[in-house]
Amino acid sequence: MNNTELRQEEQWLKSVLSEANAQYQEASMRDDALKDDAIDTQRELWEDVGSIAASDGLDKLVDFLEYINVMKKQKRSHGIIEQQKAKLTRMLRSPYFGRIDFRTNEQAAAKQYYIGTFSLITDDNRVMVYDWRAPVSGMFYDDEVGKASFITPGGVVEGELTKKRQYKIENGKLSYSFDSSVKIDDEMLQQMLAGHADGKMRSIVTTIQREQNRAIRNETFKHLIVQGAAGSGKTSVALHRIAYLLFRHRDTITAENIIVFSPNSVFSDYISNVLPELGEANMLQTTFESFLFGALATKGRCERYYDLLDSLFSMQPLPGYPARIESLRLKSSPAFRDAIKAYAQALANEQVTFAPLICAGVTIASSPELARLFSYDYASLPYFARFEKLRARMDYLLTNYETKRAAQIAESITASEGFIDRGELRRRSRAIAKQESQPARERALAMTNVSAASVYAAFLNELARWLPGADAGACEAVTRYTQETIRAGLLHYEDQIALLYLQGTLGGTQKTARIRYVIVDEAQDYTPLQYECIRLFFAQASVTMLGDLDQSITPYLSLGGYETISALFPPEETLLLRFTKSYRSTAEIIAFAGAILNRKTEIDSVGRHGDAPLIIQLESEEAVHRAIARDIRDLTAKGHASIGILTQTKVEAKAVFHALKEQVPVQALFGGEEDFPRGAVVLPAYLAKGLEFDAVLLFNAGGGHYRE
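Reading the sequence shown from the start, the letters are residues -1 to 706 in the working numbering.
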């Protein structure tokens, strides 16, 4: 963009901001007048009507209701004006983000269309900014420079798209702009183009965006897997895929039809404002742990996901560490997933036999009758619901028995004792009948007391049988370890996943039909059984998974490989894309990471260079603390807004935080927080999943500290 164009753009921005400000001032004046009217209405209500009672008569009540209706209208008007002011406030910060120049086949010159979060229309109906949902705005998202068209109520408008320009406007100032045939989504790619990029860099950025567009705009395949190197823009793709889906299907879906599984609650806060400003509510965000706790009602203490990670990374492992590792390995494996699926299926198809329900020598329900009810009459119900239905049936039969038996007992008491008060007779006969039937009720409860926990316990007792080829001794050790921890009142995280699956497949899943799209970030950190749960609870949804197998947070609780979930996401329904170009990390960081991995990676560094990572060896922890504090001051002075100080564990993070806070301003994350703090932040490395910092300091990175 030359100087003349820059001046024209700045002048246009000035005129748009002037109009937005004028409309804001007008809305504020109307709001102030409305507030004055509301005060007058309340005063008139008190003066004309005053307090009201039932004895005041109909006329006074009618007057009162008229005032109430006026006040309701004033409240609605105030709400509308407040919404308008909120939109205009956002426009004063950033009124638009794109522009297209489009010439219809009937026009000699192209017309400029500025596109923003909301429309801006003058009093004489001149559109200064078009809402992103407007039909003409679709060309900004869907078309490249060249022949293009858009659909209006009057038909298809065809022509030529001669320019596509993007802007970054912050606080009413134009930070940068650039022209590109393809809409560039990622802000870092935008900055690369805006920074006087040459033809080669423009070609690279356009190629990256086209690759990302295959993921963002995929609708040919139901499911999508993106295997992306570190810094390849996976999270950006996830966010812009949501934006695209909301735009593409704006008449049929809203943000409430999309759910994102984030690596942690802090990440959810981090991305909550990263979505393109589309004027829509944020999509549903959760962690798998939060979803697990919400869907699974369990007794006892449930292990938190990050407590698990902290114990795994601790330099002083807790007693039973080897047994825990074996338990994790097994329960995260595809074989375990297949075994528990097969067990659940066998249970659902099993012809269950029941002992007859007998009360005081009287058969209330025979064994064949109970089996018929469970296996045939209730066959349409989920497995656990069939037991509940059978228990309700036995309760009903026992209640009928008690009624008849109480009548018999009443006759016997009358015959033996003569006249007795009717109320007392009724109470005594019912109490005796209930006492006689109590053992039968207890047996009925025992026969039908089946839950995810009881099924899981039975499955573990037969683990070796359902894991063909597995070492029987290893299976027995895992079963024994699990039973001991459950008896101690602790339910490990991996066992919660198993219970969730059993509850979902045997208990009937909760209603999630409104969820049309599921986005899973950091997909490599989910086990095969977790993916079974996701498909179970969101059976109709399209699933997008974004991850990097080289970034698994622990080998004991991970996917392993995408082939392990091929049965859930068959090739004919699933598109697998690989992003190898990294533009969010510098070439020096990528080379450093490759050297640690000690093998060649598939990462291609694109366009970014910086200082090589430094390894600094110091004589004591106190010296390390001083060095980190010095680096925080230096990095802050250089303009780095976010600095991560990563430790191995939560205990270590707390110690480092307390040492640093006496020297420099610093925040901390220890797990459980939901807000992402700004500035320098101390946190365990596992909490940094998915987050992005301007600079990172790794505390105590010695080889003896981090085990492979």
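Each residue gets a CB set at the ideal place from its N, CA and C atoms; glycine is no exception.
CA-CA distance, residue i and residue j?
i, j, result
"R724", "R391", "Outside the shown range of the chain (-1 to 706) lies residue 724, about which nothing can therefore be said."
"E64", "D38", "14 Å"
"P261", "R88", "30 Å"
"V272", "L689", "Annotation note: pLDDT 47 at V272 (below 50); position unreliable, no value reported."
"A521", "L345", "31 Å"
"R212", "Q164", "20 Å"
"I614", "D629", "12 Å"
"D249", "I113", "19 Å"
"F713", "L118", "Nothing can be reported for residue 713, as the shown portion of the chain is limited to -1 through 706."
"G670", "T578", "33 Å"
"G559", "L500", "24 Å"
"E619", "Y684", "21 Å"
"W10", "E24", "21 Å"
"P611", "Q665", "23 Å"
"L276", "V622", "Only weak support is given to the placement of L276: the predicted model assigns it a pLDDT of 47, under 50, and the question is left unresolved by the model."
"F536", "K181", "31 Å"
"Q81", "R74", "11 Å"
"F311", "V224", "28 Å"
"A475", "L667", "36 Å"
"R624", "L658", "8 Å"
"A462", "R425", "55 Å"
"P274", "S309", "Its pLDDT being 41, under 50, P274 is placed unreliably in this model, and the coordinates cannot settle the point."
"G77", "V134", "30 Å"
"L15", "S234", "29 Å"
"A227", "S550", "12 Å"
"P354", "F286", "43 Å"
With distances taken from CA atoms, which of the options is nearest residue i?
i, options, result
"K12", "I513, L172, A591", "L172"
"E254", "D493, L244, E650, A431", "L244"
"L328", "L527, H76, N103", "L527"
"K339", "A369, A383, A565", "A565"
"G229", "R606, H638, F655", "R606"
"C300", "V143, E348, H490", "H490"
"E42", "V68, R97, L307, Q81", "V68"
"A289", "H656, I495, E561, G77", "Ala is not the amino acid found at residue 289; the sequence shown has Phe there. Comparing Cα positions, the closest option is I495."
"G157", "E287, F100, H638, G592", "F100"
"F697", "F674, K659, G642, D673", "G642"
"L497", "Y454, R425, D469", "Y454"
"R200", "I240, V235, S178", "S178"
"Y581", "G136, I206, R5", "I206"
Any idea if residue i is buried or exposed, counting beta-carbon neighbours within 10 angstroms, 16 or more meaning buried?
i, result
"G318", "exposed"
"A52", "Residue confidence for A52 is low, a pLDDT of 49 falling below 50, so the modelled location carries little weight and cannot support an answer."
"I66", "exposed"
"A456", "exposed"
"L388", "buried"
"D519", "buried"
"M27", "exposed"
"A337", "buried"
"K648", "buried"
"A431", "buried"
"Q21", "buried"
"E17", "buried"
"Q436", "exposed"
"K738", "In the structure as shown, the chain starts at -1 and stops at 706, and residue 738 therefore has no counterpart that could be examined."
"S124", "At residue 124 the sequence reads Arg, which differs from the Ser that was named. Exposed."
"T102", "exposed"
"Q349", "exposed"
"P93", "buried"
"A583", "The sequence given here places Ser at residue 583; Ala does not occur at that position. S583 should be labelled buried."
Based on the DSSP output, what are the partners of residue i in its beta bridges?
i, result
"D177", "R163"
"H221", "T572"
"P354", "DSSP lists no partner for P354."
"R101", "E158"
"G642", "V679, V694"
"S147", "E156"
"S201", "In the DSSP output, where bridge partners are listed per residue, S201 has none listed."
Between residue i and residue j, is the Cβ-Cβ spacing less than 7 Å?
i, j, result
"V662", "A635", "no"
"L595", "A342", "no"
"E434", "A358", "yes"
"F219", "T446", "no"
"L793", "T542", "Past the edges of the chain, shown from -1 to 706, lies residue 793, and the structure says nothing about it."
"K166", "F116", "no"
"D692", "H638", "yes"
Can a CB atom of chain C be found closer than 7 Å to the CB of residue i?
i, result
"D548", "No chain C is present in this structure, which holds just one protein chain."
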